[in-house]
Every structure is written in structure tokens, then in C-alpha cells.
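Undergrad:
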Amino acid sequence: MSVNDIGSPTAPNNVRVGGGVSADQRTEAKPESQHTVSGDSSAAGRDDRVSITSAASALQQIEEQLARLPDVDTRRVTAVKQALENGSFDIDANRVAEKLIAFDTAMQRSGN
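14 is the number that the working numbering gives to position 12 of the sequence shown; each next residue is one higher, with no gaps.
(1) When DSSP builds the beta bridges, which residues end up paired with V79?
(2) Can the beta-carbon of Q57 be found less than 8 Å from the beta-carbon of G113?
(3) Determine the DSSP secondary structure at S112, reduced to helix, strand or coil.
(4) Is the CB-CB distance between A85 and F91 below 8 Å?
(5) Under a three-way DSSP split, which group does D106 fall into?
(6) Where DSSP assigns a beta bridge to V98, which residues make up the other side?
Rendered as C-alpha cells:
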């Protein structure tokens, strides 16, 4: 299978590019926006390039930031639980609407 077949509907998901390393593994190894993947010995002297869009790079950075955060903010959970139990939990509809609009605007700017 040639490198050009990668991503085609008939290509298997575990396509290997040169040296037995998948294209995904080589992409993850370099944080730059363009990567060079050397071909095997049959394609000596030829390099294939993989480009990552700016949106994909931004998503990768966000994923890395999220991975460093704890799964649950236990202090916030405790505070909300206590507010619910004592009846003092208040939902500010305007604040919720503002956050939804800000999120939607950010998504439109990123092209999603």
C-alpha cells in the first residue's frame, strides 16, 4: 500500500509508514505544524509530509491543558452540594446565557 492510500475509505486503520511506526505516532512525536515522514527503502530519497491545521494544533494544546487538571474540583462540588442542601443555590440565567454566547463565539472563531 502506498502512502497516498492513507485515509482512503479502503485503507486499513493501522497503516504503517516507514520503519514500522504509524503516521499517527510520528505526528505525535513532533509538535511542529509540519512533519516529515521518511519512506521505506523502496522510496529512498523521498519524504512524505503531514500537515496539521491550526485548529488541530489548538485542540491538541487544549487537550494537554485539560490532562493536567484534576477530574473533579472537590471544593466546588462540596460548596454546590451545601448550597443545594440549604436552599441558597442560585442560578443566574444572565450569566449562563453570557457563557453560552461566549462559548459559541469562540467555536465560530476557531472554525468549528
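For each residue, glycine too, the CB sits at the ideal point set by N, CA and C.
TA: Based on what the coordinates show:
(1) BP columns for V79 are empty, so no partner.
(2) One detail in the question is off: residue 57 reads as Ala in this sequence, not Gln. Yes, these two residues count as a Cβ contact at 8 Å.
(3) coil
(4) yes
(5) helix
(6) Note: V98 sits in no beta bridge, so no partner.
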